[in-house]
Amino acid sequence: MSGLDWRAVPFDALCARDLYAVLQLRTEVFVIEQNCVFQDMDGTDHEAVHLLGNADGELVAYARCFPPGVKFSEASIGRVITRQALRGQGAGHVLMGQAVACVFEHWGSQPIRIGAQARLEKFYLQDGFQVAGLPYIEDGIPHIEMLRPI
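Here the sequence shown is numbered in the working numbering, starting from 2 and rising by one per residue.
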């Protein structure tokens with residue numbers, strides 16, 4: 002997974018090709034693979050730094066990084082995706098490490114809150130996040146808030 006090319010790009014700096022790849026991957030995973038009809042383009046993409054992980058020119062890993070006050074009072078990371086072919090190889094943990102580094106680079110070292118799919122709680126625990134709320138349903142999928150302290 003170290004062979005991925007990582008770029009952190011503010012929304013206004015995304016070229017049309019990158020934006021298309023991001024929306025295509027998000028739709029592939031969150032809408033089709035997870036069979037979940039929801040409003041993916043939620044009006045906050047313009048406030049995020051978009052973390053893109055490419056392999057051989059193809060987007061294979063992605064996350065949105067937000068400053069404090071957009072999604073939660075803390076900085077946050079969301080829309081965390083690795084292409085299905087990479088799962089189980091550690092790519093998700095590499096992605097989360099890059100996303101945490103992106104938050105720190107743009108807004109300083111601070112706690113980070115996420116709204117994680119509940120089935121991925123153990124995954125995020127490995128990346129330093131701790132359960133920080135009661136389970137809830139979002140778009141028909143069980144979620145849990147998690148916090149990564151400084």
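Every residue, glycine too, gets a C-beta built ideally from N, C-alpha and C.
Please check the pair threonine 83 and alanine 62, which I expect to be a contact at CB under 8 Å, by giving their CB distance rounded to whole angstroms.
Confirmed, about 5 Å.
Over the uninterrupted beta strand (DSSP E) stretch that includes leucine 121, give me the two end residues.
Neither: leucine 121 is in no beta strand (DSSP E) and is coded neither H nor E.
Among the candidates Gln99, Arg120, Leu126, Ala64, whose CA atom is the shortest distance from the CA of isoleucine 142?
Checking every option, the nearest Cα to that of isoleucine 142 belongs to Arg120.
Note down the Cα distance separating proline 150 from glutamine 111, rounded to an integer number of angstroms.
If I take the Cα positions, the gap works out to 7 Å.
What are the boundary residues of the alpha helix (DSSP H) that glutamate 59 is part of?
Per DSSP, glutamate 59 belongs to no alpha helix (DSSP H); it is in the beta strand (DSSP E), 59-67.
Return the CA-CA distance between glutamine 35 and leucine 126, expressed in angstroms with no decimal places.
Their Cα atoms are separated by approximately 22 Å.
Do methionine 147 and phenylalanine 124 have their C-beta atoms within less than 8 Å of each other?
It is not a contact, given that the beta carbons lie outside the stated cut-off.
Could you give the DSSP three-state label for methionine 2: helix, strand or coil?
Legend: pLDDT at methionine 2 = 48, less than 50; position of this residue unreliable, value from coordinates given subsequently. Coil at methionine 2, not helix or strand.
How would you call glutamate 38, buried or exposed, if buried means at least 16 neighbouring beta carbons within 10 angstroms?
Note on residue identity: the sequence assigns valine, not glutamate, to residue 38. Answer is exposed; the Cβ neighbour count stays below 16.
Leaving aside the five residues before and after asparagine 55 along the sequence, list all residues of the same chain whose C-beta is less than 6 Å from its C-beta, in chain order.
Closer than 6 Å at Cβ, skipping near neighbours: Asp6.
Checking 8 Å against the spacing of the C-beta atoms, do isoleucine 78 and arginine 65 come in under that value?
Taking 8 Å as the Cβ cut-off, isoleucine 78 and arginine 65 qualify as a contacting pair.
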